RNA sequence: UGGGAUGUCGCCAAGUGGUAAGGCACCGGAUUUUGGUUCCGGCAUUCGCAGGUUCAAGUCCUGCCAUCCCAGCCA
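Numbering (the working numbering), first residue to last: 773 to 1331.
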């Protein structure tokens, strides 16, 4: 069981005090106006795992109180994403399902003299509200008799008044230091059609009024939300205290920030409108769908949110931790394959032209049950261009004139010569192979330090590879004041064509079957790559999910 | 004297009066048919600052400082 945190400590206390009959019920309540992102993944984890921990359950609730911004498309996508991440909700609920109850409770509040219909305009309400340091003043309509409020409120509901002409407000305290308590608006008039309620309603409830009642109606015991709702809690409690209803406890925790990423709906929308990303599932974007397309696994995402912990500290988690969690999962589960991204031709001069061999290569050295695949070998191969240097430095464990390396799973080869073009670029490397090293090993005690990946020129398949980098060039993009474009990383996507991959990769399909990942591979010595949505057997396309740790690159940088 | 919250290693984060867990990152070194993985070792005499209480304080008290959130008929 996971280590505890302040939320679970609170719940332990509640349970010990005998609250809620020992039950723990939570909810994940997204507003269906956008796709989920990794910030939601943390909230989802907190909500679902908390319920699970105490043998309770979690509901998935669409917080659909604003028909102007919400769409069915998002309702479908949210369910899909939560399910993909492996969470099971007990009930799928909708805030709009309890609109009738909310209306009835609003009437109760009016009858108790705790709510009134206000004719002030939006601007006037703002003026009357006062400022952070000055108290507000009462609306002239604040003391309307209950009977008049009741009549007006019903007529608001019936659509007798135009949008914006009246609101229902709670009567609390216009001088409160907490601005949320200065007679908050409970209902606004919106002659808008709701995708689930049709034209039934001309008034729609505000968040503060609606949320506690939604929680209450579902029997939620612990309403977990982010820090910015901390000063809404007194209002949450106030509304429920006035009514004869179940009273959940709201607990706030810090939302997730990840370096080099922006977790905001508005931002994705803008980038999309400007054509800077391809959509909600652009592999550079940390939406659940983007991460999924990029090749992230639900397990890696969950491990990540589990690892960062739950607290009230405003924190920014290193992107490097996300990558670590990803690699940890993929290392254990991704199938190994060889791919050459920047091909350089190698000719084995002592290997017969008409001969070919098929070697066995393990699918995953971390998993003995993963089996092997066949890898073809012949006289002409491709290796990575950066694995050859004409005049290599001493610690270069790769190919160069006179140097011997191992071709993974195949043979030892020694470079005897190379050819260049008019520009001095190397066009071909000439080698000899040692027949005694078949399989990539000899028992003569020979030290062959370097091992390179390769593909057979005769058998390989052409592929496109999309290498991704950070979308932003600054660590804390949310602190940037100007336009997004100014801090976008121009190299966030680099498309590499003409890559040569081993034939076993041409069948690469994408999917998750029985808990094993398909379509996410480790390209030996390069990184983890996943089959993209755009891929086809005729034209394979791979996304770089995340690179392997590269200590050689680090050493080079130091020199 | 608006209200609410937070400050423990570069980044997260335990710690609930008894003498600073863990992870990431980073730095060494070993193993390695991936310069990957794995493995060993290093990495806060100090907990925003200053006083105080106590045999003993990151933990209690007082004061100060810094940062974040709130003035939608958004959620």
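C-beta: ideal position from N, C-alpha, C; glycine also. All figures in this text were calculated on a predicted structure; none of them were measured in a lab.
Around the CB of residue 1087, fewer than 16 other CB atoms lie within 10 Å, so the residue is classed as exposed.
Per the coordinates, the alpha-carbon of residue 884 lies some 21 Å from the alpha-carbon of residue 947.
Distance from the CA of residue 893 to the CA of residue 860, rounded to the nearest whole angstrom, comes to 44 Å.
Each of 1214, 1327 and 1322 was checked against the Cα of residue 1167, and the nearest Cα belongs to 1327.
Listed in chain order, the non-local C-beta contacts of residue 1236 below 8 Å within the same chain comprise 1267, 1268, 1269, 1271, 1311, 1312, 1313 and 1314, local neighbours out to five positions each way being set aside. With 16 or more other Cβ atoms from the protein chains shown falling within 10 Å of its own Cβ, residue 1063 counts as buried. Per DSSP, reduced to three states, the secondary structure at residue 1226 is strand.
Shortest Cα-Cα distance from residue 1212 to any of 1222, 1203 and 1178 involves 1178. In this model, residue 1057 and residue 1045 are separated by some 14 Å (Cα to Cα). The straight-line gap separating the alpha-carbon atoms of residue 1039 and residue 1277 is approximately 36 Å.
Looking only at 1035, 1238, 1247 and 1225, the smallest Cα-Cα distance to residue 1274 is reached by 1225. The residues 890, 957, 959 and 960, in chain order, have a CB closer than 7 Å to that of residue 939 in the same chain once the five nearest residues on each side in sequence are set aside. Counting C-beta atoms within 10 angstroms of its own C-beta, residue 1196 has fewer than 16 neighbours from the protein chains shown and is therefore classed as exposed.
Between the alpha carbons of residue 878 and residue 1245 lies a gap of roughly 50 Å. Nearest neighbour of residue 1191 by Cα position, chosen from 1201, 1184 and 1183, turns out to be 1201.
Non-local C-beta neighbours of residue 1264 in its own chain, meaning closer than 6 Å and more than five positions away in sequence, comprise 1056, 1241 and 1243, ordered along the chain.
With respect to the C-alpha of residue 824, the residue from 1164, 1258, 897 and 780 having the closest C-alpha is 780.
Non-local beta-carbon contacts of residue 1139 in its own chain, meaning distances under 8 Å to residues more than five positions away in sequence, involve 1104 and 1105 in chain order. Distance check between residue 993 and each of 1234, 1170 and 787 places 787 closest, using alpha-carbon atoms only.
A straight line joining the alpha-carbon of residue 990 with that of residue 1238 spans about 46 Å. In the three-state scheme derived from DSSP, where H, G and I count as helix and E and B as strand, residue 780 is classed as helix.
Sequence-distant partners of residue 1004 (beyond 5 residues in either direction) whose C-beta falls short of 7 Å from its own C-beta, in its chain, are 952 and 980. With the rule of 3 Cβ pairs closer than 8 Å, the segment 817–835 counts as touching the segment 855–875. Taking the Cβ atoms as the reference, residue 1203 lies roughly 6 Å from residue 1188, within the contact range of under 8 Å. When secondary structure is reduced to three states using DSSP, residue 984 falls in the helix class. Put simply, of 1123, 1169 and 1078 the residue whose alpha carbon is nearest the alpha carbon of residue 776 is 1078.
Under DSSP, residue 834 shares a beta bridge with 866. Using a C-beta cut-off of 8 Å, the segment 1111–1123 makes contact with the segment 1154–1161, since at least three inter-stretch Cβ pairs fall below that distance. A direct Cα-Cα distance of roughly 47 Å separates residue 928 from residue 1032.
Straight through space, the alpha carbons of residue 1025 and residue 1186 are spaced by roughly 60 Å.
The DSSP-derived three-state label of residue 851 is helix. Counting the other CB atoms within 10 Å of its CB gives residue 917 a total below 16, which places it among the exposed residues. Approximately 16 Å separates the beta-carbon atoms of residue 1296 and residue 1146; this is outside 8 Å, ruling out the contact.
Around the beta carbon of residue 1011, a 10 Å sphere encloses 16 or more other beta carbons of the protein chains shown; the residue is thus reported as buried.
Spatial neighbours of residue 1053 in its own chain (CB-CB distance under 6 Å, excluding positions within 5 residues in sequence) are listed in chain order as 1061, 1062 and 1065.
Relative to the Cα of residue 898, the nearest Cα in the group 910, 1149 and 1320 belongs to 910.
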